[in-house]
Amino acid sequence: MKTKDFVVELKNKSEAELQTELVSAKKELFNLRFQNATNQLDNSSRINEVRKNIARIQTVITQKQKGLLK
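Residues in the sequence shown are numbered from 0 upward in steps of one, following numbering that gives the first Met the number 0.
Below, the structure written as structure tokens:
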């Protein structure tokens, strides 16, 4: 999924849905780090991708809380 599509999709979700998305992304990041530490991770670039997605989710949550988005 392209970044722009991902952000548009996030903006259309409610805050509760964003919170669940954030929790699942953090769990995925934990699992990826664990796999990396045990040398089981094939695609290490996925860690950076998930970290950026977490930041995007948090940004949209903050924008919604400040009333910048509907």
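No residue lacks a Cβ here, since even glycine has one placed at the ideal position from N, Cα and C. These numbers come from a predicted model, not from an experiment.
query	result
For Asp4, three-class secondary structure by DSSP	helix
Beta-carbon proximity list for Gln62, same chain, < 7 Å, skipping 5 on both sides	Leu68
Ser44, DSSP secondary structure in three states	helix
Val86 and Leu28 closer than 8 Å at C-beta	The displayed coordinates of the chain run from 0 to 69. Any statement about residue 86 would go beyond what the structure contains.
Burial state of Asn35, where buried means 16 or more other Cβ atoms lie within 10 Å	exposed
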